[in-house]
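Engineer: In the numbering used here, the protein residues as written are 72 to 382.
Just so you know, even glycine gets a beta-carbon here, dropped at the ideal spot from N, CA and C.
Just so we're clear, the structure is a prediction, and the values are computed from it rather than from any experiment.
Encoded as structure tokens, here's the structure I'll be asking about.
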Ligand code: NAD
Ligand code: UDP
Ligand code: UDP
């Protein structure tokens, strides 16, 4: 059955891939974005599709539309962007969640929240399971994002318990791919852009911190599977690639793939930078029958090709 689907943050990296996939499945898509980190060029190819509608709107303000499903992705995701205006970041997560949940309640829509592995903070449990409550600094420079996303999860579960809104909470781990902004500031885009320009790759700290990188196509597949689960499935559920790399390993892989003469330089480690991160995806495997298919070396190739074409 074709549905009317709202995607907030739809002009961003993940949102644009999601809009494209949903349109491909025959649904009507309303993309809402304030273009803080997103870009119209990400969704330019979709504008010809009669089932696609675009609205410039900030989710911290109420929105009255009629839809069947809501994917709530609006929020800057890169540390440099979410720290640029931290008060607005918290407002986007918290007021944005309240407005989208109020909308879901009024129209009886199902709603999915793009939450994050950052709810685990600098995790003591490794790999991270959904039952882990996290190790989060409430007053640090990452807190606007981490605590904003944690509060959004609280709101989702309270609207579910109190108002019986159908919710799906997805904890996304580091995801990369084409359409990340070249100046996004996240590690995969930074390293590829630096290597393509023949600049030195900037490792923050000694590069021993770890992340687990998921290719965007895998992530979007998991997201849509979660939305389509039975009503009793609420999450939270981890979606990410459990293969873990140090940041130094990532830098070396990018340099060899781009075949650049770039060297590696170190810069100070930002405060509260998590030392390790790797999802336990047992729940996603059993509930969604999902696991990532694209290995890092495979996903980096189209990502490098994309950045080569835009810079
Ligand atoms: P992105 O910055 O490319 O996309 C976010 C989009 O939200 C942008 O288009 C931006 O303009 C829009 N936006 C920001 N504030 C808004 C507001 N107040 N009103 C309307 N639109 C607003 O980032 P992304 O990587 O595509 O992330 C999408 C979502 O997934 C975010 O909620 C992020 O927290 C979550 N997430 C992403 C990752 C990842 O690795 N990519 C990891 C964990 C969680
Ligand atoms: N809201 C919205 N669109 C709707 C319905 C509600 O943006 O279609 C907003 C509304 O402005 C409110 C918020 O969502 O501030 C929460 O709505 P809810 O009904 O839960 O709370 P109330 O209106 O009772 O404060
Ligand atoms: N990082 C880095 N060099 C960069 C950008 C990031 O070494 O140019 C590090 C950063 O300190 C962190 C890791 O790479 O340890 C992942 O950073 P990113 O901002 O991509 O995501 P997050 O920290 O939110 O997982």
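Assuming residue 317 is part of the beta strand (DSSP E), what are its boundary residues?
Structural biologist: The residue labelled residue 317 in the question sits at position 246 within the chain shown. Per DSSP, residue 317 belongs to the beta strand (DSSP E) from 315-317.
Engineer: Could you give the DSSP three-state label for residue 116: helix, strand or coil?
Structural biologist: In the chain shown, the residue the question calls residue 116 occupies position 45. Here residue 116 sits in helix by DSSP.
Engineer: Could you give the DSSP three-state label for residue 223: helix, strand or coil?
Structural biologist: Position 152 of the chain shown, counted from the first residue, corresponds to residue 223. DSSP places residue 223 in helix when its eight states are reduced to three.
Engineer: Over the uninterrupted alpha helix (DSSP H) stretch that includes residue 159, give me the two end residues.
Structural biologist: Looking up residue 159 in the chain shown gives position 88. Residue 159 -> alpha helix (DSSP H) spans 157-178.
Engineer: My assumption, with CB atoms under 8 Å, is that residue 253 sits in contact with residue 381. Please give the rounded CB distance.
Structural biologist: Taking the first residue of the chain shown as position 1, residue 253 is located at position 182. Taking the first residue of the chain shown as position 1, residue 381 is located at position 310. That pair is a contact at about 6 Å.
Engineer: Take residue 155 as the anchor and find which of 280, 297 and 214 has the nearest alpha-carbon.
Structural biologist: On the chain shown, residue 155 is found 84 positions in, with the first residue counted as 1. Among 280, 297 and 214, the Cα nearest to that of residue 155 is on 214.
Engineer: Let me know the secondary structure DSSP gives residue 185 once reduced to three states.
Structural biologist: For the purposes of this step, residue 185 is identified with residue 114 of the chain shown, where counting begins at 1. Looking at residue 185 - three-state DSSP - the assignment turns out to be strand.
Engineer: Counting by C-beta, which residues lie closer than 6 Å to a heavy atom of ligand 2, in chain order?
Structural biologist: Listed by chain position, these are 133, 134, 135, 169, 170, 173, 174, 176 and 177.
Engineer: Give the straight-line distance between the Cα atoms of residue 295 and residue 303, rounded to the nearest whole angstrom.
Structural biologist: As a first step, residue 295 is located in the chain shown; it is residue number 224 there, counting from the start. As a first step, residue 303 is located in the chain shown; it is residue number 232 there, counting from the start. The alpha-carbon atoms of residue 295 and residue 303 are separated by roughly 16 Å.
Engineer: What is the DSSP secondary structure of residue 356, counted as helix, strand or coil?
Structural biologist: To locate residue 356, count along the chain shown from 1; it is residue 285. DSSP places residue 356 in helix when its eight states are reduced to three.
Engineer: Skipping 5 residues on each side, what residues in its chain have a beta carbon closer than 8 Å to that of residue 316?
Structural biologist: Mapped onto the chain shown, residue 316 falls at position 245. Closer than 8 Å at Cβ, skipping near neighbours: 281, 282, 283, 284, 324 and 367.
Engineer: Can you find at least 3 beta carbon pairs, one from the stretch 214-233 and one from the stretch 161-177, that sit closer than 8 Å?
Structural biologist: They touch, by the three-pair rule.
Engineer: Quick check: what's the CA-CA separation for residue 373 versus residue 305?
Structural biologist: Taking the first residue of the chain shown as position 1, residue 373 is located at position 302. Taking the first residue of the chain shown as position 1, residue 305 is located at position 234. For residue 373 and residue 305, the distance between alpha carbons rounds to 33 Å.
Engineer: Buried or exposed: which applies to residue 189, given that a residue is buried once 16 or more other Cβ atoms fall within 10 Å of its Cβ?
Structural biologist: As a working mapping, residue 189 is identified with position 118 in the chain shown. By the 10 Å Cβ count, residue 189 comes out buried.
Engineer: Contact check, residue 144 vs residue 117 under 8 Å by CB: the rounded distance?
Structural biologist: Position 73 of the chain shown holds residue 144. Position 46 of the chain shown holds residue 117. Their Cβ separation, rounded to whole angstroms, is 15 Å, which puts residue 144 and residue 117 out of contact at 8 Å.
Engineer: Hey, could you find the ends of the alpha helix (DSSP H) residue 378 is sitting in?
Structural biologist: Position 307 of the chain shown, counted from the first residue, corresponds to residue 378. Per DSSP, residue 378 belongs to the alpha helix (DSSP H) from 367-381.
Engineer: So, with DSSP's three-state summary, where would you put residue 191?
Structural biologist: In the chain shown, counting from the first residue as 1, residue 191 sits at position 120. Helix, per DSSP.
Engineer: Hey, how far is the Cα of residue 153 from the Cα of residue 160?
Structural biologist: Within the chain shown, residue 153 is the residue found at index 82, counting from 1. Within the chain shown, residue 160 is the residue found at index 89, counting from 1. So the two alpha carbons sit approximately 6 Å from each other.
Engineer: Just to confirm my understanding: we take residue 151, look at its own chain, exclude 5 residues before and 5 after, and list those with CB closer than 7 Å. What are they?
Structural biologist: Translated into the one-based positions of the chain shown, residue 151 becomes position 80. Result list for residue 151: 256, in chain order.
Engineer: Return the Cβ separation of residue 339 and residue 275 in integer angstroms, given the expectation that the two are a contact with Cβ distance under 8 Å.
Structural biologist: Stepping through the chain shown from its first residue, residue 339 is reached at position 268. Stepping through the chain shown from its first residue, residue 275 is reached at position 204. At roughly 7 Å, the Cβ-Cβ gap stays under 8 Å, so residue 339 and residue 275 are in contact.
Engineer: Pop quiz: residue 262 and residue 322 are said to be a contact at Cβ under 8 Å. What is the actual Cβ separation, rounded to whole angstroms?
Structural biologist: The residue labelled residue 262 in the question sits at position 191 within the chain shown. The residue labelled residue 322 in the question sits at position 251 within the chain shown. Contact holds; Cβ gap of about 6 Å.
Engineer: Measuring from the CB of residue 207, is there a heavy atom of ligand 3 at a distance below 7 Å?
Structural biologist: The count along the chain shown starts at 1 and reaches residue 207 at position 136. Result no, Cβ not under 7 Å from ligand 3.
Engineer: Would you verify that the beta carbon of residue 371 is, or is not, closer than 8 Å to some beta carbon of chain D?
Structural biologist: Here chain D cannot be found, since the structure has a single protein chain.
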